[in-house]
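Colleague:
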Amino acid sequence: MFTAETQIRVRYAETDQMNVVYYGNYAQYFEVGRAESIRHLGFTYKDMEAMGVIMPVVEMHCRYLRTAHYDDLLTIKTTLKELPTDHKIEFHHEVFNENKKLLTVGRVVLYFVTANGMEKTSMPVQLYDKLKPFFTF
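The end of the sequence shown is residue 161 by the numbering used here, with every number in the run present.
1. Can F54 and H117 be called in contact, C-beta distance under 7 Å?
2. DSSP state of V129, grouped into three classes?
3. According to the Cβ coordinates, are L127 and L65 closer than 7 Å?
4. Going by CA-CA distance only, name the one from Y69, F159, T91, D96 that's closest to Q31.
5. Does DSSP classify E55 as helix, strand or coil?
6. Leaving out five residues before and five after A28 in sequence, what residues of the same chain have Cβ atoms less than 6 Å from its Cβ?
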């Protein structure tokens with residue numbers, strides 16, 4: 025299993041009239057978590073794009089447990105429970121506040137596809153090789 029954490033501070037523009045983070049912003053928080061988790065491995069989404077592979081989101085689930093507010097420092101925990109073996113990758117996200125209270129949980133499924141033809145493809149071998157040690161027992 026691979027897990028990475030990154031932090032983000034809630035900006036004023038991300039809140040609604042109730043001073044609560046607008047629910048739609050969690051998709052962006054999850055994206056930050058995914059991008060930074062890959063960066064922790066020494067690989068970037070930009071590297072993947074340069075190889076001609078992109079990752080569109082095909083499914084997203086979110087459960088809101090507690091609210092986040094302006095200026096809260098959030099920790100986004102991103103987990104890969106399984107090493108992808110085909111075109112699909114599934115990220116699990118948990119968002120915590122500074123008091124380590126779980127605020128939101130989510131699951132996002134993406135596909136590896138070719139940038140030029142949008143055809144399903146496998147994970148770039150460079151990323152696979154960086155992830156594989158986390159799943160070897």
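Beta carbons are placed, not taken as given, at the ideal position from N, Cα and C, and that holds for glycine.
Modeller: The structure says:
1. Cβ distance < 7 Å, so F54 and H117 count as in contact.
2. Taken through DSSP and simplified to helix, strand or coil, V129 comes out as strand.
3. Cβ atoms of L127 and L65: not closer than 7 Å.
4. Looking at Y69, F159, T91, D96, the one whose alpha-carbon comes closest to that of Q31 is D96.
5. When secondary structure is reduced to three states using DSSP, E55 falls in the helix class.
6. Taken in chain order, the residues that qualify are S61, H64, T102.
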